[in-house]
Amino acid sequence: MAKRKKASSGANLLLILIIAAIFLVFAVCVYGIFVFDINSSENEEAPYSFYLKKGSNRIRPLKSDDLLCENGVFYLTPETLAEHCSYGIYGDDTTKSLVFPNGSYAKFTGGSSFCLDGENRFLSNDCKRIGKKLYIPLEFYENYVDGLIFDYQQTDTKLVVDIKVNVDNYTLKSNPPVTESALSVSDYFDNVYPKKASAVEFKSDLSAYEEYMNPVDRDKFLFLVNTENTLSKDYKPSQLTDLVNTRRDGRNTQQMDLYAAKAMEAMLKEAAAYGYTTLSITSGYRSYNYQQQLFDNQVAALRPSYGDRAYEKAAQAVALPGTSEHQSGLCCDLHNLPAASQAFANTDEYSWLLQNCAKFGFILRYPKDKTDITKIMFEPWHYRYVGRYHAQIIMSEGLCLEEYMAQIQG
Numbered sequence: 012m013a014k015r016k017k018a019s020s021g022a023n024l025l026l027i028l029i030i031a032a033i034f035l036v037f038a039v040c041v042y043g044i045f046v047f048d049i050n051s052s053e054n055e056e057a058p059y060s061f062y063l064k065k066g067s068n069r070i071r072p073l074k075s076d077d078l079l080c081e082n083g084v085f086y087l088t089p090e091t092l093a094e095h096c097s098y099g100i101y102g103d104d105t106t107k108s109l110v111f112p113n114g115s116y117a118k119f120t121g122g123s124s125f126c127l128d129g130e131n132r133f134l135s136n137d138c139k140r141i142g143k144k145l146y147i148p149l150e151f152y153e154n155y156v157d158g159l160i161f162d163y164q165q166t167d168t169k170l171v172v173d174i175k176v177n178v179d180n181y182t183l184k185s186n187p188p189v190t191e192s193a194l195s196v197s198d199y200f201d202n203v204y205p206k207k208a209s210a211v212e213f214k215s216d217l218s219a220y221e222e223y224m225n226p227v228d229r230d231k232f233l234f235l236v237n238t239e240n241t242l243s244k245d246y247k248p249s250q251l252t253d254l255v256n257t258r259r260d261g262r263n264t265q266q267m268d269l270y271a272a273k274a275m276e277a278m279l280k281e282a283a284a285y286g287y288t289t290l291s292i293t294s295g296y297r298s299y300n301y302q303q304q305l306f307d308n309q310v311a312a313l314r315p316s317y318g319d320r321a322y323e324k325a326a327q328a329v330a331l332p333g334t335s336e337h338q339s340g341l342c343c344d345l346h347n348l349p350a351a352s353q354a355f356a357n358t359d360e361y362s363w364l365l366q367n368c369a370k371f372g373f374i375l376r377y378p379k380d381k382t383d384i385t386k387i388m389f390e391p392w393h394y395r396y397v398g399r400y401h402a403q404i405i406m407s408e409g410l411c412l413e414e415y416m417a418q419i420q421g
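Quick note, our numbering runs 11 ahead of the 1-based positions in the sequence shown.
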């Protein structure tokens with residue numbers, strides 16, 4: 012009897028040891044996987060980092076479910092900044108409204124349009140939905156939430172973005188609609204300004220581009236783009252040329268007029284020689300028909316809500332056909348951010364362009380201090396080709412194109 016009890020006890024002990032060993036092996040495996048995952052995540056360097064910042068102190072980095080990036084465009088959930096910007100979030104899975112303390116609100120139902128205090132507005136990109144989460148393009152927070160400051164810093168390996176949230180009261184601001192302009196050729200009088208462009212020196216060998224940067228026919232490209240001077244439906248640059256520096260994010264290769272395209276190529280070669288290699292072109296020539304299509308789509312989208320006023324409302328968001336400077340083939344949108352933003356003005360690349368663009372025949376078309384004249388908001392990404400002679404005068408004297416044309420027309 013005693014031997015049977017002893018054998019039973021030994022069997023129980025062996026069973027316990029086997030179970031303990033299995034548990035230990037399982038625990039080691041789980042720990043190993045956990046450590047491996049942590050090390051893997053620590054070693055994987057994302058190409059961008061976003062931080063919330065109060066004053067000079069970062070509150071926290073944005074988490075993966077706060078932030079979405081698709082095709083170079085960033086999106087945030089409305090919940091990400093709600094606590095810091097003091098707005099409430101109302102709605103369900105299909106509709107989200109951001110309501111600020113002063114009563115202003117923005118209502119999102121998807122797509123690129125949203126309702127701002129009862130008026131329709133449009134973003135450059137559609138909102139995104141993943142499951143029950145709504146992601147709003149960063150453009151909305153940059154352009155419409157008054158008080159937020161976005162600081163973009165491009166390092167050699169990644170884009171670092173600080174979102175500054177240190178004001179007491181946030182409100183929504185109603186940006187004036189961006190309407191692009193149109194063209195008219197003016198007479199030029201040689202006795203107004205020096206007859207030749209100033210000589211320039213480059214770090215790169217740009218001798219093959221000189222004829223494009225400083226054209227023999229110096230006045231050929233000097234015409235205004237504003238709503239008082241429109242382009243005809245048939246207007247199209249005769250020598251549209253592919254832009255080798257089109258952003259590589261799946262978009263079609265952009266084009267400009269031959270002279271503008273070659274001068275732009277030269278400018279970005281020189282920028283690269285100074286270490287500014289992240290600049291790319293996101294938009295160049297746009298045809299009249301394409302602009303008509305964009306406008307008609309907006310009218311159709313707004314007709315159910317506005318009826319006979321749909322045309323008027325559409326014109327507030329989309330340039331009328333014939334009034335877009337892009338149709339001239341002489342301008343392009345140029346920057347190194349996920350999307351065109353006034354934050355580009357805070358970068359070293361913008362400073363270099365501002366100081367050097369005239370050497371290549373370009374001007375900053377819509378300066379910050381000329382919005383009352385151009386009727387267009389500050390666009391640090393929008394560069395217009397006029398040739399070196401005129402560009403040097405315009406930029407050195409701090410003029411916008413409207414002022415320059417008025418001066419030389421007497």
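Every residue, glycine too, gets a C-beta built ideally from N, C-alpha and C. All values reported here derive from a predicted model rather than from experimental measurement.
Between K370 and R399, which are expected to be in contact by the criterion C-beta below 8 Å, what is the C-beta distance as a whole number of angstroms?
7 Å between Cβ atoms; contact.
For A271, which residues of its own chain have a beta-carbon under 7 Å away from its beta-carbon, when the five flanking residues on both sides are left out?
Only G340, L341, Y396 meet the Cβ criterion.
Neighbour-count burial assignment, T358, 16 or more Cβ in a 10 Å radius
Result: buried.
T334 versus V236 - alpha carbon distance:
Between T334 and V236, the C-alpha separation is close to 7 Å.
Taking only the alpha-carbon atoms, compute the straight-line gap between S197 and C343 and give it to the nearest angstrom.
No answer about S197 holds up, because its pLDDT of 31 lies below 50 and its placement is not dependable.
Among the residues of its own chain, which have a CB less than 6 Å from the CB of N50, if the five just before and after it don't count?
Note on N50: pLDDT 37, under 50, position unreliable in the model; no value is reported.
4 or more residues per run - each alpha helix (DSSP H) lying fully within the region 360-406:
The region 360-406 contains these whole alpha helix (DSSP H) runs: 382-385.
Which of the three DSSP states, helix, strand or coil, is assigned to Q265?
In the structure shown, Q265 sits in coil (DSSP, three-state: anything other than H, G, I, E or B).
I think P332 touches Q303, with their Cβ atoms under 8 Å apart; what is that distance to the nearest whole Å?
That pair is a contact at about 4 Å.
Tell me the DSSP secondary structure of Y299 in three-state form.
The answer is helix: DSSP assigns Y299 an H, G or I state.
Which of helix, strand or coil DSSP assigns to V310
In the three-state scheme derived from DSSP, where H, G and I count as helix and E and B as strand, V310 is classed as helix.
Cutting at 6 Å between CB atoms, please list the residues of its own chain near E390, excluding the five before and the five after it.
For E390, the CB contacts under 6 Å within the same chain, skipping 5 residues up- and downstream, are Y377 in chain order.
Exposure label - T168; buried when at least 16 CB within 10 Å:
The Cβ neighbour count for T168, taken over all protein chains shown within 10 Å, is under 16; the residue is labelled exposed.
Mind checking who D253 pairs with in its DSSP beta bridge?
According to DSSP, D253 bridges with Q266.
Can you tell which of Y415, V255, E81, G261 has the C-alpha that lies nearest to the C-alpha of I141?
Answer by Cα proximity: E81.
Measuring only the C-alpha atoms, how far is Y220 from E239?
Their backbone Cα atoms lie some 33 Å apart in a straight line.
According to DSSP, is K175 helix, strand or coil?
Three-state result, K175: strand.
Would you mind sorting E323 into buried or exposed? The rule is 16 or more other CB atoms within 10 Å of its CB.
Within 10 angstroms of the beta-carbon of E323 lie fewer than 16 other beta-carbons, which makes it exposed.
So, using beta-carbon positions, are K175 and K64 closer together than 7 Å?
The answer is yes: Cβ separation under 7 Å.
Is E130 buried or exposed, if buried means 16 or more other CB atoms sit within 10 Å of its CB?
Classification for E130: exposed.
Measuring CB atoms only, is the region 104-117 touching the region 138-157, in the sense that at least three cross pairs come out at less than 8 Å?
Output reads yes: the region 138-157 touches the region 104-117.
Contact belief for S291 with R258 at Cβ below 8 Å, rounded distance in angstroms
Between R258 and S291 the Cβ distance is about 4 Å, and since that is below 8 Å, they are a contact.
Residues near K118 by beta carbon distance below 7 Å, same chain, minus five either side
Within the same chain, K118 has close Cβ partners T106, S108, F125, C126.
Express the C-alpha separation of K144 and I374 in angstroms, rounding to a whole number.
A direct Cα-to-Cα measurement between I374 and K144 gives close to 42 Å.
Span of the alpha helix (DSSP H) holding L149?
L149: member of the alpha helix (DSSP H) spanning 149-155, first to last residue.
Taking only the alpha-carbon atoms, compute the straight-line gap between M416 and T289 and give it to the nearest angstrom.
If you take the alpha carbons of M416 and T289, they lie about 33 Å apart.
Residues bridged to F119 (per DSSP)
F119 pairs with K107, F125.
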